[in-house]
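Peer 1: Numbered by the working numbering, the letters in the sequence shown go through residues 745 to 901 in order.
One structure follows; several queries about it will come next.
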Amino acid sequence: MATFEKYLNSEGDTENKERQLKIINKIILSDESVQKIKNINKEIKILAVAEIYCPDCRAVVSFLEKFAELNDKIKIEYSTREEAHELLLKATGTARIPTLFADNGNKSEVFLTEFPKVVQKHMSENPEQFDEIKYNFRTGKFNKEIEEELVSYLVSL
């Protein structure tokens, strides 16, 4: 398992490192989300199977890091797809990234595979617009909904 620093510096990929940091800096959480995240009072461990070169990973990881900055009870570890290949296959039947696992001490479960649920919903309702929806996801058009989805999930643990 790796830290955010190791994830950022994997493969010596400075271009994607800069992209990741730029995305994190652009995300501004709502006051409501900030309060909800700060009020989490139990440790939540998240395993993010993610790769710095993947734009979908960069979009999702940005939220995780924002949450972890706000509350030190949110612990995030990173793993590459290769390192977690067997775990991914066992848990999801596929090896797609990003995949997020949550463990709050009582249970461990997958709560995101490849795209947030809100994005998957748009894709399934409008399959002819898949590429446009994916582009919109990667460029932040769904950030408000993704923020709400992820915060709601973490608060529910």
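Even for Gly, the Cβ is constructed at its ideal location relative to N, Cα and C.
Does DSSP put F886 in a helix, in a strand, or in coil?
Peer 2: Position 142 of the sequence shown, counting from 1, holds the residue named residue 886. Reduced to three states, the DSSP call for F886 is coil.
Peer 1: Is it right to say P842 is buried, meaning 16 or more other beta carbons lie within 10 angstroms of its own, or is it exposed?
Peer 2: Mapped onto the sequence shown, residue 842 falls at position 98. Per the 10 Å Cβ criterion, buried.
Peer 1: Measuring alpha carbon to alpha carbon, tell me which of I796, K780 and V854 ends up nearest E759.
Peer 2: Here residue 759 corresponds to residue number 15 of the sequence shown, with the count starting at 1. E759 has its Cα closest to that of I796, out of I796, K780 and V854.
Peer 1: Apart from the five residues just before and just after S852, which ones in its own chain have a Cβ nearer than 8 Å to its Cβ?
Peer 2: Taking the first residue of the sequence shown as position 1, residue 852 is located at position 108. For S852, where only same-chain residues beyond five positions count, the Cβ hits under 8 Å are F845 and A846.
Peer 1: Can you give the beta carbon distance from D860 to I890, rounded, assuming they're within the 8 Å contact cut?
Peer 2: Here residue 860 refers to the residue found at position 116 of the sequence shown. Here residue 890 refers to the residue found at position 146 of the sequence shown. According to the sequence as given, residue 860 is Pro; it is not Asp. Taking the Cβ atoms as the reference, P860 lies roughly 5 Å from I890, within the contact range of under 8 Å.
Peer 1: Beta carbon of Y897, beta carbon of Y822: below 9 Å?
Peer 2: Stepping through the sequence shown from its first residue, residue 897 is reached at position 153. Stepping through the sequence shown from its first residue, residue 822 is reached at position 78. Not a contact, by the Cβ cut-off of 9 Å.
Peer 1: On a Cα-Cα basis, can you pick out the residue from Q864, F811, E876 and L773 that is closest to I784?
Peer 2: Here the question's residue 784 lines up with position 40 in the sequence shown. The residue with the shortest Cα to Cα distance from I784 is F811.
Peer 1: Could you tell me which of E813, Q764, V862 and K766 sits nearest to V778, measuring between CA atoms?
Peer 2: The sequence position of residue 778 within the sequence shown is 34, counting from 1. Nearest option by C-alpha distance: E813.
Peer 1: Under 8 Å by Cβ, that's how I've got K786 and N815 pegged, so tell me the actual separation to the nearest angstrom.
Peer 2: What you label residue 786 is simply residue 42 of the sequence shown in a count that begins at 1. What you label residue 815 is simply residue 71 of the sequence shown in a count that begins at 1. No, K786 and N815 are not in contact; Cβ-Cβ is about 10 Å, not under 8 Å.
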